[in-house]
Structure formats: structure tokens, C-alpha cells
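Protein chains in written order, with my numbering: chain Z, 260 to 520; chain D, 1205 to 1470.
All C-beta atoms in this analysis are idealised placements derived from N, C-alpha and C, irrespective of residue type, glycine included.
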Amino acid sequence: MTSRLRIRLTSIGLPALVFAIFLVVWQVATSALRIPQYILPSPADLVSAFDRVSKTFPYDLWVTSIEAASGFALGSVGGFLLALCFARYAMVEKSLMPYVIAMKTVPIVAIAPLLVIWLGAGLMPKIILSALICFFPVLISTVKGLKEVDPDQIDLFRSLAATDWQLFKWLRFPSCMVYLFPSLRISIVFAVIGAIVAEFASANAGLGFKIMLASFHVDTSAMFVYIIACALLSLILYGIVAFAERFAVPWSYSERTRGDL
Amino acid sequence: MPETALRFDDVHFAYENASISVEVIRSLSFDVSSHEIFGLVGPSGCGKTTILKLAADLVTGSTSGSIVIDGTSPAQARAERRIAILFQRPILLPWRNVLENVLLPSQIADDPPAPSKAKAMELLDLAGVADFSDRPIHELSGGMQQRVSLVRSLMSEPRLLYLDEPFISLDEVVKEDLLQLTQRVAQSLSLTVLHVSHSLEDSVLLCDRVAVLAPRPTTVSQLIDISLDRPRHYQQRIEPEFLEALSSVRNAVHANGRNALKGGLQ
Ligand SMILES: Nc1ncnc2c1ncn2[C@@H]1O[C@H](COP(=O)(O)OP(=O)(O)O)[C@@H](O)[C@H]1O
Ligand SMILES: [Mg+2]
């Protein structure tokens, strides 16, 4: 067995073992200590709860995924475009940047109930809330990325008498990708949070909505199922963005992994 | 009397940042003849990079005196792409592979792609890196990257090549190769080369004449002819003629009253 393979096996195998032990301890503890199901359901309770909700579960998962993904797309594209506009028109940046910085510190989820009043109980308020949360980190990191270009690289372009447009498309734009992706990875997680909080405010489907519903019925097992589903959804969406990053900015990815090892 | 390719005449320069002004160059004058390899040697921080950037129209600050490049201003020389610079670090774009990096100057100049590509491959071959043309940059060693940068700098067919300590961070064997390549390229393309470095040894190996710079604010303290035969080899640096030339530069440096020079001997 090569050492590389052994490292692989232990890096997957050990955490899996820990998880298995955790499940066993959880199961044994809940039955041995007679913890009531509405306080802490056992793993077996979760399995049966999942079985109970399995009919509607795919639809709720779908709704929340769509809300988060659309909000993410809308917010990050919007943030990116406004950043380009900032980079192009210094006056626009000068006048708006203080507000952008201020908005970054505002807990945007607080406006969820307001969005429900304005936009109703459908998908719209969830998408808008997710989009708003994604918007600011993407905007700020893109602005930063477009600015913080290696001054030597700029000198290289200037020494070749490059036009502003050439400088933008062949230098500023690609070098800002390295800043953009970390903020996209954060944003996709924020987008899921936004969708769930907006569902708390008012909804008729979705994982967040089902968590609320289960809490009204003190159906703790079902709550656990939906909470775990939210966590997994967030993890998977994050994985997709991180995977895309490997293809979009392979140079940054390879630098990072080289640094880690 | 050979033609003058680059002339600094009583040049003063200071960086102007917000409220403070940093005087870097005081009354700097020198001439570089066409097809000559001219060296500036001086301690780190004395203003060598600043001199190159001034001569390439890449810095702004308070300037006086005149810089003339083949009869025109540095700004015009830059606009006409008559100057190429090889920086201390290989400034390659990590999102482009080797060939795409080399093609950057042709893209910027909007040259037709097919002949540019042929020229790039020819130069990459000359530099011994043609096999790596489709590799991403991060797979190349520092020496390879510097070769690729050298190839890129030749793509715009410059008349003048500025070298900003391009061999400093390379290990001995790689440095040897690159010194050789630079000499060969300079000769076959009849380039005028301005090389700045704090390494006495590199400067003596590469240059026809060496100007020793005083510490900041810098000026030329002495001009020394290096009349060694070409092509020069790295192994030559233990031969008597080389050591003699080196010691004359060294003495000039020490005559500055400072021993601030790094590299070279001791
Ligand atoms: N943009 C700048 N603004 C102010 N001072 C600078 C700037 N760039 C360089 N300097 C200063 O000018 C001096 C010369 O720098 P440089 O030309 O890089 O020296 P060298 O290349 O010889 O090491 C240094 O003291 C440095 O701190
Ligand atoms: Mg320097």
C-alpha cells in the first residue's frame, strides 16, 4: 500500500469511524438515559421521522435549493456587475462605496418580514433576501480584486503600451478571479441562510418552513431531519462552488494546495 | 564614434508621495552606445530600478534633466514599443500557459496571430523551453520562468532591453545558462542592453562597460571598461583577466566610501 493511499484512507476512514462511534453513543445514551423524544430524538427516531416526511421532502428540498441558488446567482452577478461599474467610473465608486461598507455590517436577514409584506409569501422574498446577502461580499471582493493587481504586472502591460481595455481584459479581470471565488464560497452559504430565514418569516413550502411547522407540533425528530437537510444542502452547494473554482482559477487552486501540503 | 542609444543627461528624480518627497537620483549622466551591454552597479535601494523605470517612462515624480532614447523621449519609445524590460521576478500571468504568456506583447500590439505564434515558438526553441509551451506557469521552475520572460520581452522586437537584476534569485547553474542566453540573444538581435544589478560578478560577466553608482541619492561615481572576450562563460569568473576586471569594479565601489554592496566578492 502506498503511503499516499494510506493517507487517503486514514483521512476518510478516521472521521467516518468517529461518526459511527458518535451515532452509537447517541443511540445508546438516549435509550439508556430515557431522554424523551421531544427533547432529543435518537438516530433511530430520525430514520423513522425521515420515512414519515419522505413524500414531501424532495419538494421542500427543491424549493429551498431553488431559492438559495437563484438568490446566489442574482446577488453575485449583481455585485460583480456593480463592481465593474465602480472600477470603470471612479465617481460612482466614490459616491456609493461608503454605503456599501455600511451595508456590509447591517444584518440584512432582519428585513425578511418586510420583504414578505412587499413581495408576498412566494419564492420572490426568499430569492431577494438571499441575493441581498450575497451581493455585498461579492461586490466588495471584486472591487478589491480589480484594484489589487500586482504593480509589476501593471508595469509590464504599460511597458508594452497596452490600452486600458487590454489592461482590463487581460490583467485586472483575470486577477480579480482569485478574490472573487472565496467570496462566492461564502456567499453560497449565506444564500442558504437567507432562504431559510425568509421561509421562517412566511412560506408554504421549503426546509425552513418545515422546521417552523415541526416546531409548532413539537415534532423534534422532524426538525432534526430538516436541520440536517439544510446543513447538507449548504455543504453541497459550497462543494459545487469550490469545484467550479478549481476549473475557473486553476492557478490559484494549485498554489493553495501546494501551500497546504 | 558609435551611435548613442540611450542618454541620461544630468537627471534628477524624486518620488512624490502625498506630502513627502524621496530624492532618489541626483545629477545622473551616462551614455549607452548602440549594441552595447551597459551595466549599472550599486547597492540595494540606491535607485537602480527607479533608473530603469524612468528610462521606460513607468514612474512619475519630480524630474529634471533629459533622457533621450534613439533621439526620442522615453514616453515615445514606450509608445512605439522600442523598449522591453526583464524584471527581477519573472512577471508571468498565471492564468496563461507558457505560449500564451509569450504571445501577450503581440496581442497587445494587435499583430496577426499566426506569424506571431511561429515567432514565439522559434524563440522558445532558442531559449530551450519549446517543449513547455503548453504548460501552465506554476509547473515551471524559477529559471524556466525567467527564460520565458526573456522570450516574451523579445517578442515586440525591441531595440533596447532593460534587465533589472534578472539573475539574482536564480541558482548558479540556471544563472549560467541564462547569462549565456542573454549574451547570445543580445548579439544575434543586435540589442542595446541596460543591465542593473547589485552583483559585481554578474555585471562584469555580462557587460561591456560598467558604471558604479553611489548610494542614494545616486549618481555615477566611476565608469569602467570590461574588455573581456565574448562569448563569456560563467567558468571564466576564476580566470585572472576576469578577476582583474572584477577587482577594478570592486575598488571603484569601495572608493565610494561604503561597503554596502551585496553579492560579488564577500
Ligand atoms: N514608489 C515609490 N515611492 C517612494 N519611494 C520609493 C518608491 N519606489 C522606490 N522608492 C525608494 O527609492 C529608493 C530606490 O529604490 P529602487 O529604485 O527600487 O532601488 P534598487 O532597485 O536599487 O534596489 C529606495 O529607497 C526606495 O525605498
Ligand atoms: Mg531594484
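Check	Outcome
Listed by chain order, chain D residues near Z:Ala327 by CB distance under 9 Å	Per Cβ cutoff of 9 Å: no residues; Z:Ala327 is ~29 Å from chain D at best.
Check: Z:Asp409 C-beta below 7 Å from any heavy atom of ligand 2	no
Enclosing alpha helix (DSSP H) for D:His1458 [first to last residue]	1444-1459
Ligand 1 heavy atom lying under 7 Å from the CB of D:Thr1267	no
Proximal residues of chain D, C-beta to C-beta of Z:Trp510 below 8 Å	Pro1298, Trp1299, Pro1340, Ile1341, His1342
Expected contact under 8 Å - CB spacing of D:His1239 and D:Ser1360 to nearest Å	With 8 Å as the limit, D:His1239 and D:Ser1360 do not qualify as a contact, their Cβ atoms being about 18 Å apart.
Cβ of D:Ile1295 within 8 Å of any chain Z Cβ	yes
Enclosing alpha helix (DSSP H) for Z:Ala303 [first to last residue]	302-312
The alpha helix (DSSP H) enclosing Z:Ala490, as first and last residue numbers	479-507
Z:Asp519 (DSSP reduced to helix, strand or coil)	With a pLDDT of 39 at Z:Asp519, under the threshold of 50, the predicted position of this residue should be treated as unreliable, and no value is reported.
Where the beta strand (DSSP E) containing Z:Thr289 begins and where it ends	That residue, Z:Thr289, is in no beta strand (DSSP E); its alpha helix (DSSP H) goes 262-291.
Beta-carbon contacts of D:Pro1340 that lie in its chain and below 7 Å, excluding the five residues immediately before and after	Asn1301
Contact between the segment 339-351 of chain Z and the segment 389-404 of chain Z (3+ Cβ pairs under 8 Å)	yes
Run of the alpha helix (DSSP H) containing D:Ala1209, from where it starts to where it stops	Per DSSP, D:Ala1209 belongs to no alpha helix (DSSP H); it is in the beta strand (DSSP E), 1208-1221.
D:Leu1307 to D:Arg1356 span [Cα, whole Å]	7 Å
Beta strand (DSSP E) runs wholly inside the segment 1286-1316 of chain D, at least 3 long, in chain order	1287-1290
Check whether Z:Ala454 and Z:Gly330 have beta carbons under 8 Å apart	yes
C-beta contact flag for D:Leu1365 and D:Val1416 at 8 Å	no
Within 8 Å, strictly: CB atoms of Z:Leu443 and Z:Val397	yes
Cβ neighbour criterion (16 or more within 10 Å) applied to Z:Arg293	exposed
Residue range of the unbroken beta strand (DSSP E) whose run includes D:Ser1266	1266-1273
Under 8 Å by beta carbon: chain D residues contacting Z:Ser446	Residues of chain D passing the Cβ test: none, with the nearest at roughly 22 Å.
Z:Ala279, buried or exposed, once every other Cβ within 10 Å from all chains shown has been counted against 16	exposed
For D:Thr1396, the first and last residue of its enclosing beta strand (DSSP E)	1396-1401
Proximal residues to Z:Leu374 (C-beta, below 7 Å), its chain only, five neighbours per side dropped	Pro384, Ile387, Leu388, Ala457
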